[in-house]
Amino acid sequence: MIGIQIFLKPGKEQSVKRFHPWIFSGAISDIKGAPKEGDVAEVFAADGSYLATGHWSPGSIAVRIFSFIECVPDRNFFKQKITRAYECRLSTGLANNPSTNVYRLIHGEGDGLPGLIIDIYGSVAVMQAHAAGFWHLRQMLADIVIEVMKGVVVAVYDKSEGTLPFMANLGAENGYLAGTPMGGETVVVENGFKFKVNWLTGQKTGFFVDQRDNRRLLADYSQGRTVLNMFGYTGGFSVYAMKNAATVHTVDSSPVATTLADENVRLNFADDTRHKAITADAFDYLQEMGEEYDLIVLDPPAFAKHQKALANALQGYRRINAAALKKIKPGGILFTFSCSQVVSRDDFRRTIFVAAANSGRVVRILHQMSQPPDHPVNIYHPESEYLKGLVLHVE
Ligand code: SAH
């Protein structure tokens, strides 16, 4: 027997049989053993037949499943999983690519390791555990990453302090786990553009790795346009826009972000006066700005982190999109995103539809965007498709 044993209520095995990687606490009839947060748990149907193996947590997601086949979850087991994820990045042409050295190696459920994120910044891997199970295994996982990515990754940094459940009280402290510590900052390349990334102080693991393909599309659309990059953070979209645009304004409410956006633009376009970074609140700026932009990017933070916040979040998306649609120049292009997992693609599209109708403009959808292949969607877990975007043409 491995870890604890969890028995489901009759009928509750259906979603596990369809390979959904979460077991909710309400589905459980009995737990055998004295469970501690992050323990390995074997899950059984009411008739006693084996279903899956995962990590147990006391929250509403009680088990995060990493195997649907009876297994011994030892070093070798996880080495295989990480190797497969790396092979997938190699096969998509992302790893080992001279023009991009920043990508996601492990994307939680998308890579069969729910609760674990690992991003690669050149020769440094930054790990984030979102549940106790993989945090307990952090040292082993870090050693495996160094081994699997030999010659590429030389250091692994754990940044789980802020992502582990607060109630777990695990006493996590961010820091290097393996390899040679590399300070906190590096310059990465994405599609040939340079970005300064600081994983110690930056948001998430340091950079929003998931917008790579959408930023590239933006470069194509920015030809000769006056661009507003709202919620700009590191200036990811701004740098790509600078390739072709007439002017680019980056707006963010955080002065740290606007300084960083300025630095990143200068890193790629030294002494170029077409860019300006503005520290302001998005809602105020959109209300007060003139009708000067013919390309606007709206990439806000997740407005809804929980199902309960959904209605307010949709209202927030509607408001900012309505404001942008009202002010954008005729013939303008709007790139609009939602990264909230609880907002479905349909919810988002409907919200933009209402914003468009309220603005009284003629709006066409030109592209429907999603997340890149290093953020794979687990086909049995539709929730892992979290990034949704639309490119709109506004008459
Ligand atoms: N587009 C970015 C990622 C955006 S992250 C990229 O490609 O990397 C969201 C950003 O929104 C953060 O930098 C945060 O500081 C900013 N933000 C949050 N609330 C805001 C508000 N009300 N007004 C303006 N910016 C805001």
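Counting along the sequence shown from 1, when you hit position 156 you're at 151 in my numbering, and nothing is skipped either side. Every residue, glycine too, gets a C-beta built ideally from N, C-alpha and C. Just so it is clear, the structure is predicted and the values come from calculations on it, not from any experiment.
Can residue i and residue j be called in contact, C-beta distance under 8 Å?
{"i": "Q302", "j": "V337", "result": "yes"}
{"i": "P16", "j": "P160", "result": "no"}
{"i": "V251", "j": "V234", "result": "no"}
{"i": "I273", "j": "T245", "result": "yes"}
{"i": "N307", "j": "E104", "result": "no"}
{"i": "A317", "j": "N353", "result": "yes"}
{"i": "T196", "j": "G179", "result": "yes"}
{"i": "V140", "j": "I77", "result": "yes"}
{"i": "Q9", "j": "F39", "result": "no"}
{"i": "M177", "j": "D153", "result": "no"}
{"i": "P295", "j": "I323", "result": "no"}
{"i": "N263", "j": "F188", "result": "yes"}
{"i": "V151", "j": "G128", "result": "no"}
{"i": "R99", "j": "D369", "result": "yes"}
{"i": "S24", "j": "L3", "result": "yes"}
{"i": "T181", "j": "V119", "result": "yes"}
{"i": "T331", "j": "L385", "result": "yes"}
{"i": "I(-3)", "j": "V97", "result": "no"}
{"i": "H50", "j": "G33", "result": "yes"}
{"i": "H102", "j": "P371", "result": "yes"}
{"i": "L290", "j": "I328", "result": "yes"}
{"i": "M144", "j": "Y81", "result": "yes"}
{"i": "L305", "j": "A299", "result": "yes"}
{"i": "D208", "j": "G227", "result": "no"}
Between which two residues does the alpha helix (DSSP H) carrying residue i extend?
{"i": "F278", "result": "A277 to E283"}
{"i": "E37", "result": "Unbroken run through E37 is the beta strand (DSSP E), V35 to F39; no alpha helix (DSSP H)."}
{"i": "R314", "result": "L305 to K322"}
{"i": "F343", "result": "R340 to S354"}
How is the beta strand (DSSP E) around residue i delimited, first residue to last?
{"i": "V119", "result": "V119 to A124"}
{"i": "G404", "result": "The structure shown has nothing for residue 404, since the chain only spans -4 to 390."}
{"i": "K12", "result": "Segment Q9 to K12 is the alpha helix (DSSP H) holding K12; no beta strand (DSSP E) there."}
{"i": "D153", "result": "A150 to D153"}
{"i": "Y381", "result": "Y381 -> no beta strand (DSSP E), and no H or E assigned at all."}
{"i": "I328", "result": "G327 to S333"}
{"i": "G43", "result": "Neither: G43 is in no beta strand (DSSP E) and is coded neither H nor E."}
{"i": "F19", "result": "W17 to F19"}
{"i": "M364", "result": "V358 to M364"}
{"i": "D25", "result": "I23 to K27"}
Return yes when the C-beta of residue i is under 7 Å from any heavy atom of the ligand SAH, and no when it is not.
{"i": "S335", "result": "no"}
{"i": "G231", "result": "yes"}
{"i": "V246", "result": "yes"}
{"i": "S249", "result": "yes"}
{"i": "Y228", "result": "yes"}
{"i": "P367", "result": "no"}
{"i": "R206", "result": "This sequence places Gln at residue 206; Arg is not what is there. Yes, Cβ of Q206 sits closer than 7 Å to a heavy atom of the ligand SAH."}
{"i": "Q218", "result": "no"}
{"i": "A252", "result": "yes"}
{"i": "Q282", "result": "no"}
{"i": "A277", "result": "yes"}
{"i": "D266", "result": "no"}
{"i": "F203", "result": "yes"}
{"i": "D69", "result": "no"}
{"i": "D294", "result": "yes"}
{"i": "Q198", "result": "yes"}
Using beta carbons (cut-off 8 Å, strictly below), is residue i in contact with chain D?
{"i": "E65", "result": "In summary, chain D is missing from the structure at hand, where a single protein chain is found."}
task = Mind listing, in chain order, the continuous beta strand (DSSP E) runs of no fewer than 3 residues lying wholly within the region 173 to 209?
result = 180 to 185 and 188 to 193
query = Fully enclosed by the region 59 to 119, which beta strand (DSSP E) runs are 3 residues long or longer?
reply = 97 to 102 and 111 to 116
task = Quick one: which unbroken beta strand (DSSP E) runs of 3-plus residues sit fully inside the region 226 to 306? Chain order, please.
result = 242 to 247, 270 to 274 and 290 to 293
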